[in-house]
Every structure is written in C-alpha cells, then in structure tokens.
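Report on the following structure.
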Amino acid sequence: MTPSAIELPVTAADRRIARLAALAIGLTLAEAAIPSPIPGVKPGLANIVILLVLLQYGWRAAAWVSSLRVLAGGLLLGSLFAPGFWLSASGALVSLAVLALAQHLPQRHFGPVSLSVLAAFGHIGGQLALAGWWLLPGAALLKLLPIFAAAALIFGAVNGVIVARLLARPAPSGRQSATCIPPSIP
Numbered sequence: 660m661t662p663s664a665i666e667l668p669v670t671a672a673d674r675r676i677a678r679l680a681a682l683a684i685g686l687t688l689a690e691a692a693i694p695s696p697i698p699g700v701k702p703g704l705a706n707i708v709i710l711l712v713l714l715q716y717g718w719r720a721a722a723w724v725s726s727l728r729v730l731a732g733g734l735l736l737g738s739l740f741a742p743g744f745w746l747s748a749s750g751a752l753v754s755l756a757v758l759a760l761a762q763h764l765p766q767r768h769f770g771p772v773s774l775s776v777l778a779a780f781g782h783i784g785g786q787l788a789l790a791g792w793w794l795l796p797g798a799a800l801l802k803l804l805p806i807f808a809a810a811a812l813i814f815g816a817v818n819g820v821i822v823a824r825l826l827a828r829p830a831p832s833g834r835q836s837a838t839c840i841p842p843s844i845p
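Just so you know, we're using my numbering here: the sequence shown kicks off at 660 and counts up by one.
Here it is as structure tokens:
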C-alpha cells in the first residue's frame with residue numbers, strides 16, 4: 660500500500676502571491692548586501708512591493724507577501740528567530756497595522772507617497788518599540804530617534820514616489836491596468 664499524497668488546490672491568486680513574495684524576498688536579500696553607514700537604517704526596498712500589492716490586491720494579499728518576506732528573508736539570511744528577525748517582524752506587523760488603518764483615510768489626500776511614509780514610520784516605530792522593550796534602554800533610543808525618523812521620512816517618500824510611478828505606467832497589452840485605489844479590508 661502506497662501512502663496517499665495530499666493535493667492542495669493552487670489558485671491564480673496563490674501563484675501571484677508567490678511571485679510577489681519572491682520579488683520582495685529578492686529585494687530583501689539585495690538590500691542586506693548593501694552596506695549601511697548607520698546600522699539599522701535601510702531603504703526598505705521590499706516595502707515597494709508590499710505597498711504595490713496593497714494598492715492592487717488588498718490588505719490580505721499584502722499581509723501574506725509581507726509575512727512570507729519576513730520568514731523567508733530570516734531563513735535565507737541565517738537570522739531566523741535572532742533579534743534581527745524579531746525586529747523585522749515587529750516592524751512589518753506595525754507597518755501592516757498602520758496601512759490597515761490608513762485605508763480608511765480619505766483617498767484623495769492619501770496616495771502611495773503618504774501611505775509609504777506612514778508605513779515607514781510604522782515600521783521603524785515597531786522596531787524601536789521592540790528594541791526599547793527588549794534590547795536597549797529608553798535613553799539610548801531617544802538619541803537615535805531623530806536619525807531613524809529622518810530615514811523613515813526620506814526612504815518612505817522615495818519608495819512612495821517609486822510606487823506612484825509604477826502605478827501610473829500603462830499596463831502591458833493584454834493585462835488589466837493597475838489602480839491606485841485601495842480596496843477595502845474584507
């Protein structure tokens with residue numbers, strides 16, 4: 660008697676999430692190879708993919724891509740369950756929570772750039788909150804706060820501009836065009 664295999668149905672949405680997560684993971688790995696003059700300050704290139712997914716496919720798809728990026732990035736970089744992994748996970752979690760709340764803001768005032776800046780502040784806020792609770796005394800964090808806030812503002816704005824430009828590009832023939840109107844959270 661041979662053991663039976665469990666077959667899970669794979670949908671087009673599953674394949675899309677896998678492709679987008681692979682892109683986010685690739686950007687995470689590329690970013691890890693870029694030396695940073697200030698430890699902990701990175702441009703957040705994978706957040707471009709997360710924001711695109713949010714704006715095109717909704718919050719749940721963005722949460723899946725972000726979760727897969729954090730887990731696979733930690734595994735591939737050899738930091739799974741190390742402090743850096745938990746900092747990344749806390750930043751991703753708070754960033755996703757901020758984006759979930761931001762979807763209820765007036766769309767005419769909150770586009771890709773402002774959403775990206777909010778997400779960047781959420782990300783660094785989540786990381787600093789965990790670091791303050793677990794790794795560093797509060798006084799040390801207060802000294803670092805202006806540096807991290809400036810980095811979140813700059814990189815969040817730059818990433819948001821990139822997302823806005825990608826959304827404004829005409830779709831290749833045969834594909835639907837992307838919209839920058841975020842769907843509501845189901």
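Quick reminder that beta carbons are idealized off the backbone N, C-alpha and C, glycines included.
Whole-Å CB distance - residue i paired with residue j, under 8 Å assumed
i, j, result
"residue 735", "residue 682", "In fact, because the Cβ distance is near 14 Å, the residues do not count as touching under 8 Å."
"residue 761", "residue 769", "6 Å"
"residue 707", "residue 821", "5 Å"
"residue 721", "residue 755", "7 Å"
"residue 847", "residue 737", "Because the chain spans 660 through 845 in this model, residue 847 falls outside it and cannot be assessed."
"residue 789", "residue 745", "6 Å"
"residue 710", "residue 804", "Not really, about 24 Å apart at Cβ, beyond 8 Å."
Residue i, buried or exposed, once every other Cβ within 10 Å from all chains shown has been counted against 16
i, result
"residue 667", "exposed"
"residue 827", "exposed"
"residue 786", "buried"
"residue 782", "buried"
"residue 797", "exposed"
First through last residue of the alpha helix (DSSP H) which encompasses residue i
i, result
"residue 769", "Premise fails: residue 769 is in no alpha helix (DSSP H) and is neither H nor E."
"residue 667", "No alpha helix (DSSP H) holds residue 667; DSSP gives it neither H nor E."
"residue 804", "797–827"
Close beta carbons around residue i, own chain, < 8 Å, minus the five adjacent residues each side
i, result
"residue 684", "705, 727, 728, 731, 732 and 735"
Beta-carbon proximity list for residue i, same chain, < 7 Å, skipping 5 on both sides
i, result
"residue 765", "none"
"residue 739", "733"
Inset, instruction - Counting only runs of 4+ residues fully inside the stretch 687–762, write out the alpha helix (DSSP H) ranges in chain order. - result: 705–716, 718–735 and 742–761
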